[in-house]
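Numbering (the numbering used here), first residue to last: 20 to 260.
Single-structure report; data block below.
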């Protein structure tokens, strides 16, 4: 499979190494120093584009792939205000598009477990939920896109929670999401339910970027030839969980 990498930073290099090891070819490597090359990509030379750039560039990068009729997967976070527009375009215009706030297989298992637990805890009035995420100092967005996905999963199945907020909250109807930036931490996400009697936790701790990169390549393999909107639950066959 021929892959274009859009955003050739640390994540892009990890993706390149794993993709090549899995027998794929990297036909384009586009970054800030050669960003105009994105307009020169050809569908005959790219089966799927993998986009890991920056929040202010993701939208235009994906639109360019739409216009070139190249299926694209994106893991850039921090631009959710425009995501729904691109989802609709993907459905209506039959453009291949897959978005994930986190491509790690382990994190996507956490997403599924988070929703299951939220359904159970919805009947337990004595417990209060919160989310905490920790990342390296160079992480641009806060909270992380993964933490937001976890928060949205809890809100979906918890009747008394109306919204989430960054930081602490004394309001029982608001889910607190705490964000920590320190050292070189690849990513730790924890969901906690606490009562006077005990504490229940779900935690995912990444050891490196390799898990994220592998998931992105698996998603790219899934997206070859696709012409609609998909998520990692489709790649991992989690739709019935």
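Every residue gets a Cβ at the ideal spot worked out from N, C-alpha and C, and that includes glycine.
- Boundaries cannot be given for residue 27, as no beta strand (DSSP E) includes it and DSSP labels it neither H nor E.
- According to DSSP, residue 44 shares a beta bridge with 21.
- Contact annotation: residue 83 and residue 57 have beta-carbon atoms nearer than 8 Å.
- Annotation: residue 57 is outside any alpha helix (DSSP H) and is labelled neither H nor E by DSSP.
- Note on the segment 71-134: whole alpha helix (DSSP H) runs with a minimum of 4 residues are 74-86, 102-112, in chain order.
- Our two residues, residue 93 and residue 76, have alpha carbons roughly 11 Å apart in a direct line.
- For residue 212, the enclosing beta strand (DSSP E) stretches over residues 207-213.
- For residue 196, there is no enclosing alpha helix (DSSP H); the enclosing beta strand (DSSP E) has its first and last residue at 193-200.
- Nearest neighbour of residue 143 by Cα position, chosen from 187, 177, 96, turns out to be 177.
- Here the C-alpha atom of residue 132 lies approximately 11 Å from the C-alpha atom of residue 173.
- Minimum Cα-Cα distance from residue 61 among the listed residues 90, 151, 128 corresponds to 90.
- When only Cα atoms are considered, residue 118 and residue 50 end up about 19 Å apart.
- Looking from the CA of residue 252, the closest CA among 126, 115, 106 belongs to 126.
- Look at the beta carbons and you see the segment 99-114 not touching the segment 209-217: under three pairs across the two are nearer than 8 Å.
- A Cβ-Cβ distance of about 4 Å is found for the pair residue 199 and residue 153, placing them in contact under the 8 Å criterion.
- Per DSSP, the continuous alpha helix (DSSP H) segment holding residue 252 begins and ends at 251-254.
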